[in-house]
Structures are given as structure tokens and as C-alpha cells.
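In this note's numbering, the protein residues as written are 1266 to 2054.
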């Protein structure tokens, strides 16, 4: 069926290439199939599905659009195709006419598929590179398997016989033309053409070649064959392709598995670095992340006034250096942020990154330690090279104690320790060596400053040591305000009041603890499906949760065990109430906790870092109050005082051997053994004296505690019964049961209990300055090892 288009219609279609017209015309065949218009416009393809013998016209022929077959459309059954191999080549055409792309959905899908392939990550699953890789791998594997199957080696396509069969069935009947020894292992038998066994191949295995020849000659001699007519023996060496390929297959498979692993790592990112990270391991940022961006600002950091002021000077110096250079000041080279865990060292560094406005490079101390030797020093060099390149800049190393630990003295260092020391040496050189670091400020954070190498902490490397302590009452209140903002509080609660009360209930808590309390309170509220918001009871439960763990739901305590715990905690509380230097009690509870504690007494330790001998003895007496109460009022002792005895022992040893407060030892301080110290700083005789004096101190205070409890036996029983009834008591309950303390109430203690709504009394002493700090809360007493001034 021939088509000739009107010129006006033909402009929407593409003519067949001239070389196709010449090929088809010269062969006498012109490809054409019935064509119908699709949607009035049709497709840009005139697909060739058959060949028709026609007389080539002189006019230009066009490929017409193909559409769905219609019953009313005339059709012509094409004859068998003479050139089927030309069919795929005929469907070559240009793109659709401009403005008609939307009428060709099939081509639009093809274009989208091409775009998807272009957008595919190189080396990723489904990408062209990945497809080519698998094509090559599968093809090579198939070729190896095919060659192994096709190559039958020396024995391929041959019948194996025994040496005895060869002698009796072949050699004795004269069927053997010659013998071929292959690789000195097999004997290939060549049969004479006129033999009945012609057309078959035979072989047999031989042992020693010399033995085979000897037996063969002996057998032929027995048959009466003249030596000149002996069967000729030919020696050949053949390479067995299959066996050779089997030798190469394992390394090839391992190579492709390694390539597969690299491509998988590239597709998954390999830590956002791809396989290049394997070769860029010596770089400080193999993943490509350099300048850390942070949304934290100094306004988001509550408290830490002194620390923020010192750190903000670094940022201000980098932003406005002329203000300092005009007066002759130079920028400090570094600052070491030191403090207990959770006090905000890393948060302060994030605020620096958010406020600096200069490149900020952040790494962890453990990032310098890698499985390969030499990676640590290389990363240090690369880190400071990038920092100098982008100067002015800031480098922050978190947990620097992982790499900055004090170098070993003696012959005990080796292995991984040598690698760490090499990394530290390179860091020392980069921070203050011959290479100038103008415009580069180094910040580092650690909570183990005591183990850092002195060469690292000296001025010139870390000019400033910024101590970040636990927040005091006012700072905790500011921190609570920040963490309370995202919470939905109960309509009856005010943020200021909640922050003030919670700050009073959490003496000694760090910023991370405060954030955890707010989060736990919200979880408790969600657990009870609170619709109004987080209530004050949720915060109180969260505080107890952080201090001692969750209350045990399946409390399997018997009444006898519960009574033992009540008298134990009552002994602590009463002894502390009656001693002048004891820490005041905020709350006592006998509710078992998930942490394993059967009860706890929340106390407010003194904020002063100085402890007199009398204060230490009072604290020892308070800790022994639980064991003494069990002994006096229950007539038996339990293991509940094991933690108390551990604390008492450490405090007594410090009092006797460290603080110089024992008359028998005098003004001598035997510090505790340091790491890698293999000897005691005192003799065996001195050790015996220390042991005797420690036991004497503990015994004296135990008898003292017993005397206090005996004098106040009725009060202790009343307090224990109150604990059994209420399980948790506060300051008001203690005041009602025990009466006023025999000693003056400290102003800071009243500040806590008043803010908590527990008491409203005026302090009897002068008021202290705001911002007094509280030490860490202890469940049963003060810190076990108070430090002298």
C-alpha cells in the first residue's frame, strides 16, 4: 500500500533518509505498513514491519504514523520479510516536531528514562556503570565456566583402560600403532587404522615412566617382537586449559568481589565518602565535611557567664582583630574547656560555631586514631593545613583526652600507644612549632584534664583553661527556663515558678541532667495521656527518676524488709539532723528503684570546698547512721550498708593518709597511687599504722552514732513509722517529727526549701551572695573523697 503525502501534510513528517531510499529502490522493495492517524496528529515513527514489492516511485516517500488497527481500515498482508536483519535499523528518526512533544507519550517516557539514567549516581545500583560492571563480571564468569566445560584436558573424549587391558587386548593383538606419554602421567594409545578398534581413543595412567618402559619391553620380548619393531613411544607436554583456568579463577573471583565491595560502598556512601575514603584515610575530613554549621547561639546557652565571656573573646578577636592589636594584645592560641560531664562544653563549642562567622573545623579525639599506622599524624597535619588555608578559623577537638593522654615514661609503651603518642607529638608541633598558626584558634573539650600531657596544656598551646562547673541555683533556674520553653505546661503552672522550684529540687545537677528531667517529665505526662500539659507532679517524678531510677512496679518486698529499709534511712536522716556539720536533708524515700537502691536520702552538701576535721568526722557518722540504726533497733545487720561502708572507708583513708589529720602519722600526705605506678609511697610498717588508724576512726564514729540514736530513740521510731506509712517524706515531715535542728539553719539551705515551697522561715545567719554553688547530690552522704583547699 503506497502513500504519497500532500506537501502541507508532509511537513509534519520526516522523510526517509536518502541512503535508505536508494537501498530499498535498488532492491525493488519499499517498506511500508498500513498507517492511520492517531488523534489527528499521529506518531513520528513509521515503523517497518514488512516489505512490499513495488515499483520505486520518483517522488519522496514519507514514513507515516502508526496507530491502532481499525476494523474499517484496509490492511495488506505483507509477504515474508526478506531482510529481517534490517528491521531494527529502519526505525531511525529524529525527535518529534517542535510543539508536538506532548502527543508522543511513548517517546516522552523514553526521554524520562534517559534522564533518570543520567541522574543515577555513578556506580550506584541500576546505573549504566553498574550494569556494565555486572555485564562484564557475568560474561567473564560464563566464559571461564564454558572453557572449563569444553576443555576436557588430556583425558577428554577418551576411554580409560587399565595397563593390563592394554597388554592383553591391544598390544598382544597388534592393534597399537604408537604410544604417546603425556606430561609423564598418562599413556595415550594410538590404534592402527585397520584395527577393529579404530576410531576410538584410549588412555591409561602410568606410574613411573622407567617402570612402564621396562614392563613394556619385557612384554614385547615375551611376544617374540624384534627390538627394532617395538612400539614407538613419544613424550609430549600438553597444557590443560581447564586446570590453568582453575588456578586463575580464585584470584579473579577475589578481585571481582573486591570491586563489588568498593561499588557497594560507593553506592551506600561509605560514610559519605565512597571508595575514595579508603585512599583518603590520611585526610582530616575523608567524608568531605569541613566547615561545621550550627544553629546554636550564645543566647541559647544559659549560665556559664564566665566561660561564655572568655570564649566570646576568641570570636570577637577573629571578627575585630584591630581592636586588640591596637593595644598590643595577641590572640590566645587556644582554650581548654574543662569540666564534669554534661556541663555544656560541647554546647559552648556549638555556640562558637554558630556565632563565629569564620570557618569552624570540628573533630573528635577518637577521629585521629585509625586501624592503619600513620593515619593519626597525617590527619593532624591535614586538619591544621586546612585551618591555616582558611584563616582566620577555629579548630575544635572534642574529647581530646583520647589522643592527648600523658605520654608513658619507661618501657611499657608500644603498639597502639606508640601511634597515639605520634599523633600527640604531631599535634604539639602543629599548635606551637616552627610552623606559624596565625589566625588559627584551637578549642578542646575534656572531662579528664588530669591525664593530659603537660606539654599540651602549657601556655602557647592552650593559653586558657576555661573551667565549666556545675551550675548554681540561679544558673539552674536559667537552664530550666530554656528547656521548659518547648514543653506544654499545665495551665495552672508558670514557667518562672516551675523553674524556680525545680532548680531548688535539683542541687548539684548539670545541664544535661536538667534537660533529661524536662524530657522525662514530658514522657511521664504523655504516659498518663495528659491533655492539659505537663504537671508539677511529672517534674517531681522525673527528678526522682534521674536520681535513683524508676520506682519498681512489682515491689516484692516483705514487710520485714521494708521495715529494715525504713529504720536504715531513718538512721541516716536523724544523725544528719542532730550533727552540726552534716548535710541537711531535703527528702527521704524507701521506695525501691530500678537502679537497685532500696531507698535514698536526698541531701544538700555544703557549697564550700573546705572541710575541717570535725566536718569529715560528722559526715562519716551520718553515713554510719543506717548500719547503727539496724544494729540498735532491729538487733541485726544487713547488706544494705555495703555502699555506705565503701564510702566511709575511702573518707577515713583520705583523712588519715592524705589530709594529714592523724596525730600518729603527722603532717604527711600519701597520695593515692597513680596510673602505671608500681610501688607504694610508704613502707609496710607505715601501711600497718594507716590500717590501724583508719579502723580506729571508723570505730569511734560508729560508737558516736550509736549514742546519738540511743538518745533520740523515740524520734527515730516515729520517723521510721512515718516512712513506712508515707514511703516518701520531705522537709516539713522531718520538721514535724524531729523538731527544729539544734544548730543554726544555713541560709543557702533555707533558700532551697523556701523556693521549693517546703518552708517559709527567715534565715538565722546572714544571707550569702547569690550564685552560691551546690555540690553533687549524694543519696546517702557527701562526696566520698572531699578535696582540701
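The C-beta atom is built at its ideal place from N, Cα and C for all residues, glycine as well.
Residue i to residue j span [Cα, whole Å]
i            : j            : result
residue 1425 : residue 1524 : 43 Å
residue 1423 : residue 1516 : 31 Å
residue 1845 : residue 1705 : 53 Å
residue 1735 : residue 1399 : 59 Å
residue 1658 : residue 1812 : 41 Å
residue 1787 : residue 1809 : 14 Å
residue 1483 : residue 1469 : 18 Å
residue 1630 : residue 1708 : 12 Å
residue 1218 : residue 1627 : Lying outside 1266 to 2054, the shown extent of the chain, residue 1218 is not represented and no answer is given.
residue 1553 : residue 1645 : Low per-residue confidence applies at residue 1553: pLDDT is 45, beneath 50, and the placement is therefore not dependable, though the value from the model is reported in the following sentence. Near 16 Å, if we compare the C-alpha coordinates of residue 1645 and residue 1553.
residue 1496 : residue 1461 : 18 Å
residue 1386 : residue 1526 : Residue confidence for residue 1386 is low, a pLDDT of 47 falling below 50, so the modelled location carries little weight; the figure read from the coordinates is stated next. Cα to Cα, the separation comes out at about 16 Å.
residue 1492 : residue 1486 : 8 Å
residue 1562 : residue 1703 : 26 Å
residue 1907 : residue 1837 : 14 Å
residue 1967 : residue 1841 : 14 Å
residue 1509 : residue 1520 : 17 Å
residue 1225 : residue 1598 : No statement about residue 1225 is possible, as the shown extent of the chain runs from 1266 to 2054 and does not include it.
residue 1858 : residue 1830 : 13 Å
residue 1803 : residue 1607 : 22 Å
residue 2055 : residue 1971 : As displayed, the chain neither begins before 1266 nor continues past 2054, which places residue 2055 out of reach and without an answer.
residue 1334 : residue 1403 : Residue placement at residue 1334 cannot be trusted, given a pLDDT of 44 that sits under 50; what the coordinates show is reported in the next sentence. Cα to Cα, residue 1334 sits roughly 42 Å from residue 1403.
residue 1591 : residue 1777 : 41 Å
residue 1748 : residue 1792 : 20 Å
Residue of the options minimising C-alpha distance to residue i
i            : options                   : result
residue 1865 : 1815, 1881 and 1877       : 1815
residue 1924 : 1900, 1898 and 1955       : 1955
residue 1573 : 1903, 1600, 1804 and 1585 : 1600
residue 1728 : 1983, 1893, 1579 and 1563 : 1579
residue 1605 : 1634, 1986 and 1732       : 1732
residue 1987 : 1839, 1430, 1592 and 1914 : 1839
residue 1639 : 1977, 1688 and 1608       : 1688
residue 1663 : 1653, 1650, 1622 and 1602 : 1602
residue 1894 : 1946, 1984, 1730 and 1883 : 1984
residue 1489 : 1518, 1439 and 1849       : 1439
residue 1863 : 1918, 1817, 1477 and 1718 : 1817
residue 1904 : 1898, 1912, 1892 and 1915 : 1892
residue 1567 : 1848, 1764 and 1933       : 1764
residue 1666 : 1652, 1769, 1649 and 1713 : 1713
Residue i: first and last residue of the uninterrupted beta strand (DSSP E) it sits in
i            : result
residue 1626 : 1625 to 1629
residue 1892 : From DSSP, residue 1892 is part of no beta strand (DSSP E) but of the alpha helix (DSSP H) over 1890 to 1898.
residue 1907 : No beta strand (DSSP E) contains residue 1907, which is instead part of the alpha helix (DSSP H) from 1907 to 1918.
residue 1564 : First-last for residue 1564: undefined, no H or E at that position.
residue 1451 : 1451 to 1456
residue 1468 : 1467 to 1470
residue 1729 : 1729 to 1732
residue 1442 : 1441 to 1447
residue 1923 : It is not in any beta strand (DSSP E) - residue 1923 carries neither H nor E in the DSSP assignment.
residue 1804 : That residue, residue 1804, is in no beta strand (DSSP E); its alpha helix (DSSP H) goes 1801 to 1813.
Endpoints, the alpha helix (DSSP H) within which residue i is located
i            : result
residue 1876 : Neither: residue 1876 is in no alpha helix (DSSP H) and is coded neither H nor E.
residue 1984 : 1978 to 1991
residue 1840 : 1824 to 1843
residue 1750 : Careful: residue 1750 lies outside any alpha helix (DSSP H) and carries neither H nor E.
residue 1583 : 1570 to 1584
residue 1661 : Run containing residue 1661: none in the alpha helix (DSSP H); it sits in the beta strand (DSSP E), 1658 to 1663.
residue 1477 : 1474 to 1487
Buried versus exposed, by CB contacts within 10 Å (16 or more), residue i
i            : result
residue 1760 : exposed
residue 1762 : exposed
residue 1587 : exposed
residue 1774 : buried
residue 1585 : exposed
residue 1745 : buried
residue 1291 : Because residue 1291 carries a pLDDT of 45, less than 50, the predicted location of this residue cannot be relied on, and no value is offered for it.
residue 1594 : exposed
residue 1564 : exposed
residue 1500 : exposed
residue 2005 : exposed
residue 1932 : exposed
residue 1642 : buried
residue 1957 : exposed
Chain B contact for residue i (CB, 8 Å cutoff)
i            : result
residue 2005 : The structure shown contains no chain B, having only a single protein chain.
Task: Segments of 3+ residues assigned as beta strand (DSSP E) that fall wholly inside the stretch 1684 to 1719 - done: 1705 to 1711
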